[in-house]
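Visitor:
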Amino acid sequence: MTDAFRVFVGWDSREPIAYDVARHSLLKNASVPVSVIPIKQDELRARELYWREKDPLASTEFTYTRFLTPFLADYTGWALFCDCDFLWLGDVAGLLEYTKSDKAVYCVQHDYTPKATIKMDG
């Protein structure tokens, strides 16, 4: 792989340190070239790439902007999205093994039943 693997990370202005930790741990553990790109809602709005009205029930600034990942990757190659609160303990290169199939999109699915009725900051 000659091009850097693009990893888009959700950015929330309330949690800049979380992004820094995600970025640092990703780069520290990566054995392949990685390009880490924050998805910042205010920058997308300034570039007129995102114009959805703010949702008072959205738990993060990237609740919806995460879905722009394919567009931001110019619909070419492989890209990954992760939340800003990721702590990478392993090598992202392991995920690249899955890119050798005929699938266009991968999503982690799990049976999740929330234990609380209030999410994140209320």
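Residue numbers (numbering that gives the first Met the number 0): 0 to 121.
Each residue gets a CB set at the ideal place from its N, CA and C atoms; glycine is no exception.
A quick note: this is a predicted structure, and the numbers were derived from the prediction, not measured.
Skipping 5 residues on each side, what residues in its chain have a beta carbon closer than 8 Å to that of residue 57?
Guide: Taking the first residue of the sequence shown as position 1, residue 57 is located at position 58. The answer, listed in chain order, is 63.
Visitor: Quick check on the DSSP output: what are the complete alpha helix (DSSP H) runs of length 4 or more inside the region 10 to 70, in order along the chain?
Guide: Listed in chain order, they are 15 to 28 and 40 to 45.
Visitor: According to DSSP, is residue 86 part of a helix, a strand, or is it coil?
Guide: Position 87 of the sequence shown, counting from 1, holds the residue named residue 86. If DSSP states are grouped into helix, strand and coil, residue 86 belongs with coil.
Visitor: DSSP beta-bridge partners for residue 8?
Guide: Stepping through the sequence shown from its first residue, residue 8 is reached at position 9. Looking at the DSSP assignment, residue 8 forms a beta bridge with 37 and 81.
Visitor: Give the C-beta separation of residue 12 and residue 86 to the nearest angstrom, bearing in mind that I take them to be a contact with Cβ-Cβ under 8 Å.
Guide: The sequence position of residue 12 within the sequence shown is 13, counting from 1. The sequence position of residue 86 within the sequence shown is 87, counting from 1. With 8 Å as the limit, residue 12 and residue 86 do not qualify as a contact, their Cβ atoms being about 20 Å apart.
Visitor: Please classify residue 39 as buried or exposed, where buried requires at least 16 other C-beta atoms within 10 Å of its C-beta.
Guide: Position 40 of the sequence shown, counting from 1, holds the residue named residue 39. By the 10 Å Cβ count, residue 39 comes out buried.
Visitor: Report the option in 93, 112 and 74 whose CA atom is closest to the CA atom of residue 32.
Guide: In the sequence shown, residue 32 corresponds to position 33, counting from 1. The residue with the shortest Cα to Cα distance from residue 32 is 93.
Visitor: If you compare alpha carbons, which of 59, 55, 5 and 37 is closest to residue 19?
Guide: In the sequence shown, counting from the first residue as 1, residue 19 sits at position 20. The shortest C-alpha separation from residue 19 is found at 37.
Visitor: Among residues of its own chain, excluding the 5 on either side of residue 17, which ones have a beta-carbon nearer than 6 Å to its beta-carbon?
Guide: To locate residue 17, count along the sequence shown from 1; it is residue 18. 83 and 84, listed in sequence order.
Visitor: Going by beta carbon distance, what residues of the same chain come within less than 8 Å of residue 89, once the five residues before and after it are set aside?
Guide: Position 90 of the sequence shown, counted from the first residue, corresponds to residue 89. Within the same chain, residue 89 has close Cβ partners 28.
Visitor: For residue 111, does the three-state DSSP call read helix, strand or coil?
Guide: Counting from one through the sequence shown, the residue named residue 111 turns up at place 112. Correct three-state label for residue 111: coil.
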